[in-house]
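Down below is the structure, laid out as structure tokens.
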């Protein structure tokens with residue numbers, strides 16, 4: 105583990121031009137990320153770069169073995185490839201390859217966000233996605249544009265028994281949290297709004 109921490113420190117120093125690098129535990133090692141985009145992993149004291157076109161020649165030449173970790177006794181291969189000592193001795197090349205890995209990860213993250221469905225958000229599912237679609241909220245973008253309260257009111261018009269948990273679920277989906285993890289102040293504000301909204305429905 106100390107070897108991994110030393111490698112993380114070395115990686116942060118060498119790859120500093122990429123931006124602020126954060127390290128978090130992942131895959132039994134540590135992930136390295138810039139602005140929450142993971143581009144590399146440190147495992148057992150070695151740095152592995154995320155797959156991208158620019159590292160393929162090194163992989164093909166056998167210089168960058170794939171990261172394999174064991175889960176429940178079974179080997180699992182990941183699209184991360186080990187940086188050898190020869191690359192460490194070429195800091196400019198290592199930086200260029202790491203930048204390519206980061207750019208590839210950023211592009212994949214953007215594509216994933218663009219193709220994200222409502223059901224993929226926290227607290228959502230196919231049933232709630234279908235309910236939202238029935239009231240004209242058919243995408244993640246439209247859900248965020250409507251906001252939790254207006255979305256809930258539209259659903260309430262179609263489903264009279266809709267409760268506060270759905271309001272919390274919508275707010276969590278929009279802000280990227282599980283509904284139970286909403287801040288107390290947000291929950292209280294939504295609760296007050298919900299009570300007022302329900303009262304207005306019966307006046």
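Residue numbers (the numbering used here): 105 to 307.
Cβ coordinates follow ideal geometry from the N, Cα and C atoms, glycine included.
Quantities reported herein were computed from a predicted structural model and do not represent experimental measurements.
Linking residue 233 to residue 281 through their CA atoms gives a straight-line distance of about 17 Å. In the three-state reduction of the DSSP assignment, residue 172 falls in the strand class. In this structure, residue 185 and residue 153 form a Cβ contact; the two beta carbons are roughly 6 Å apart against a cut-off of 8 Å. Residue environment for residue 270: buried (at least 16 other C-beta atoms within 10 angstroms of its C-beta). For the alpha helix (DSSP H) assignment, the uninterrupted runs of no fewer than 4 residues enclosed by the stretch 146–211 are, from N- to C-terminal side, 160–164, 189–192. Taking 8 Å as the cut-off, the beta carbon of residue 241 is found no closer than this to the beta carbon of residue 264. Residue 194 is classed as exposed because its beta carbon has fewer than 16 other beta carbons within 10 Å across all chains shown.
Partner residues in the beta bridge of residue 129, as assigned by DSSP, are 134. Going by C-alpha positions, residue 191 is about 30 Å away from residue 178.
Taking C-beta atoms under 8 Å as the contact rule, residue 213 and residue 112 fail to qualify, at a distance of about 22 Å. For residue 230, the secondary structure class from DSSP, reduced to helix, strand or coil, is helix. The beta carbon of residue 126 sits closer than 7 Å to those of 137, all from its chain and outside the five residues before and after it, given in chain order.
Closest in alpha carbon position to residue 198, among 207, 208, 187, 206, is 187. Of all alpha-carbon atoms in 121, 204, 144, the one lying nearest the alpha-carbon of residue 128 is that of 144. One thing to note: residue 131 has its Cβ within 8 Å of the Cβ of residue 182.
In terms of Cα proximity to residue 286, the closest of 252, 155, 122 is 252.
For residue 226, same chain residues with a beta-carbon under 7 Å away, outside a window of 5 residues either side, are 276, 277, 280, 281, 282 in chain order.
Classified as buried, residue 147 has 16 or more neighbouring CB atoms from the shown chains inside 10 Å of its CB.
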